Amino acid sequence: MMKILGIETSCDETAAAVVEDGTTILSSVVSSQVAVHHPFGGVVPELASRKHIEMIVPVVNEAIQKAGTTPTSIDAVVATQGPGLIGSLLVGFSFAKAFAFGLGIPWLAVNHLEAHINSVFFDPDPPGFPFVALLVSGGHTSIYHVTAYTQSTLMGQTRDDAAGEAFDKVAKILGLGYPGGQIIDQLAAQGNPQKILFPRAYLDKGSYDFSFSGLKTAVNRYVQTHPDDYQQQTADIVASFQEAVVEVLTNKLLQAALSKDCAHIAVVGGVAANSRLRASVRQAAAQKGLTVHMPPLALCGDNAVMVAAVGHHYLQAGKRSQLDEDVYSRAMLPAMDRHLSPPSVKR
Ligand code: KG4
Ligand code: ZN
């Protein structure tokens, strides 16, 4: 039995979890900073790192307590190395090093995107290899061909905004609050998704890249030229916007899976919580005879369970991190671009 403490502080959630053997969740604590950033309509990096400093010890303590264990019973610590906000990453990363050093146990740095991909194994019906995964979050929108727990090849990614970023920006344009994804998801249920035909960017034929900045601009222009025409208008705008995003994500994911002859597809990341996206992917996959796998809602957004889970596979393979390891803000540098192996990227 191997008890792993996972730590995640890449953006605006302070998260810790204790996971046994990479599969059994003993505890998962996520402390959200939404209240801190809400007045600013987006994450303020400087405030985020300060809040992580305040929360890291109580959150880790709570995770260990809820797991019914003690620090000295933890076998290894795993923390997110990047990509993310440098000041935020450093808090969890430095804490993990100190924790491991103090207890004399192994520690490991992992990639945030690889952690998201591994969150799908907490679906009660996990995928078999190989599968094609759509990673949709506030910072990333990419499609990967996944051949093993720690082997993912990038097939395509966004050329500008991430899907979650588009949700957040459209919510901001409409004055709906932050973060926008969940708010739009709920409001869209009352709107007509066919009311406004917003642009769908498919880019070059056969490309699995995305672009959402044109859509965001189109929504902005629409709002400016149609000031409050009628009562249901905001619901119709967000429903039509969401439909444009979901349609492109669904079609590209399905095409990517078919191109790789994969029977399994996965959707992970914060936007994987979107009810319309989940339904759309399920429906499209059923038509093609493919099976869909998604993490439970609680593990779509940032969490430490996925960090511990991916760490488990690397630890099993004998991988360890050194105490002089550094964090990195961006993963998408040439060396890592097409392959998500543990990076030695300098920020
Ligand atoms: O994975 P995540 O928690 O953090 C990043 O790594 O970015 O994703 C956060 C993103 C935010 O942009 C948020 O608006 C979006 O996920 N999101 C949603 C929903 N819930 C969260 N987007 C659409 N529909 C949702 N239900
Ligand atoms: Zn994330």
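So the mapping is simple: our numbering equals the position in the sequence shown, first residue as 1, plus 15.
Just so you know, even glycine gets a beta-carbon here, dropped at the ideal spot from N, CA and C.
All values derive from a computational prediction rather than experimental measurement.
Tell me whether residue i counts as near the ligand KG4, meaning its Cβ is closer than 8 Å to at least one heavy atom of that ligand.
i: S64; result: no
i: V125; result: no
i: G284; result: yes
i: S290; result: yes
i: E129; result: no
i: A204; result: no
Can you tell me whether residue i is helix, strand or coil according to DSSP?
i: E23; result: strand
i: V59; result: coil
i: S47; result: strand
i: H241; result: coil
i: I211; result: coil
i: A272; result: helix
i: K66; result: helix
i: A288; result: helix
i: V92; result: strand
i: M314; result: Looking at the sequence shown, residue 314 is not Met but Leu. L314 falls in the helix class under three-state DSSP.
i: F225; result: strand
i: A299; result: helix
i: K187; result: helix
i: K220; result: coil
i: Y343; result: coil
i: T87; result: helix
i: S109; result: helix
i: Y193; result: coil
i: P357; result: Unreliable positioning characterises P357 in this predicted model, as indicated by a pLDDT of 43, which lies under 50. A coordinate reading is not provided.
i: K334; result: coil
i: A350; result: With a pLDDT of only 37 at A350, under 50, the local geometry of the prediction cannot be trusted, and no value is derived from it.
i: D251; result: helix
i: Q365; result: There is simply no residue 365 to check, as the chain begins at 16 and stops at 362 in what is shown.
i: L230; result: helix
i: D138; result: coil
i: F114; result: helix
i: F144; result: coil
i: G206; result: coil
i: Q246; result: coil
Quick check: does the Cβ of residue i come within less than 8 Å of any heavy atom belonging to the ligand ZN?
i: G326; result: no
i: C26; result: yes
i: S344; result: no
i: D200; result: no
i: S255; result: no
i: D183; result: no
i: V152; result: Checking the sequence, you will find Ser at residue 152 rather than Val. It does: the Cβ of S152 is within 8 Å (strictly closer) of some heavy atom of the ligand ZN.
i: F155; result: Per the sequence presented here, residue 155 reads as His, with Phe not at that position. Yes, since a heavy atom of the ligand ZN falls inside the 8 Å radius drawn around the Cβ of H155.
i: D317; result: yes
Strictly by DSSP, which residues pair up with residue i?
i: N126; result: G97
i: I158; result: L149 and G171
i: I120; result: Note: I120 sits in no beta bridge, so no partner.
i: H279; result: T306
i: E28; result: S47
i: T39; result: E35
i: A163; result: Q166
i: K18; result: E35
Would residue i and residue j be called neighbours here (beta carbons separated by less than 9 Å)?
i: V147; j: H279; result: yes
i: S103; j: E77; result: no
i: V260; j: Y217; result: no
i: A124; j: I19; result: no
i: V282; j: L149; result: yes
i: A250; j: A203; result: yes
i: P214; j: G229; result: yes
i: A32; j: A319; result: yes
i: G99; j: S25; result: yes
i: E28; j: M16; result: no
i: A178; j: F227; result: yes
i: R345; j: G97; result: yes
i: M321; j: G21; result: yes
If we define contact as Cβ-Cβ less than 9 Å, is residue i a contact residue for chain D?
i: I211; result: Considering every chain present, this structure includes no chain D. It has just one protein chain.
Touching or not, the stretch 316 to 336 and the stretch 123 to 136, by the rule of three or more beta carbon pairs under 8 Å?
yes
If contact is defined by three or more beta carbon pairs under 8 Å, each pair taking one atom from either stretch, is the stretch 26 to 43 in contact with the stretch 332 to 340?
no
Report yes or no: do three or more beta-carbon pairs, one from the stretch 181 to 201 and one from the stretch 277 to 293, lie closer than 8 Å?
yes
Three Cβ pairs or more, each shorter than 8 Å: is that satisfied between the stretch 97 to 111 and the stretch 136 to 143?
no
With three or more beta-carbon pairs closer than 8 Å as the criterion, would you say the stretch 156 to 163 touches the stretch 264 to 278?
yes
Should the stretch 168 to 179 be regarded as contacting the stretch 219 to 231, the criterion being three or more beta carbon pairs within less than 8 Å?
yes
Taking one C-beta from the stretch 83 to 90 and one from the stretch 49 to 57 each time, how about it: are there three or more such pairs within less than 8 Å?
no
Three-pair Cβ contact test at 8 Å for the stretch 290 to 303 versus the stretch 236 to 245
Touching, no, given that fewer than three Cβ pairs across the two stretches are closer than 8 Å.
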